[in-house]
Amino acid sequence: MGRVREISLARTYGLPGHAPLVLFALGRTVGWIAHAIEQYATGESIRPRARYTGPAPEGSHLTL
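Number 45 in this note's numbering belongs to position 38 of the sequence shown; there are no gaps in the numbering.
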């Protein structure tokens, strides 16, 4: 659905052909920055319950 919105914006405003990709990337980047600012402000990860379940790296003393 997002691509349709970006393509219609580009056509409406007469933007160049690569504009939909740039609009998509810009929107995604703004979202990532907002998440980073929120994490920095609260000191918490957005997904604190995520847990690595793979093998421990060689030479590691971690217990998983």
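Think of the CB as a built atom: it goes at the ideal place given N, C-alpha and C, for glycine as much as any other residue.
query: Do Pro23 and Glu13 count as a contact pair if the criterion is CB distance below 7 angstroms?; result: no
query: Is DSSP giving Gly21 helix, strand or coil here?; result: coil
query: Confirm, please, whether the CB-CB distance from His42 to Ile53 is below 7 angstroms.; result: yes
query: Roughly how many angstroms lie between the CA atoms of Gly61 and Thr19, to the nearest whole one?; result: 49 angstroms
query: First and last residue of the alpha helix (DSSP H) that includes Glu45?; result: Ala26 to Thr49
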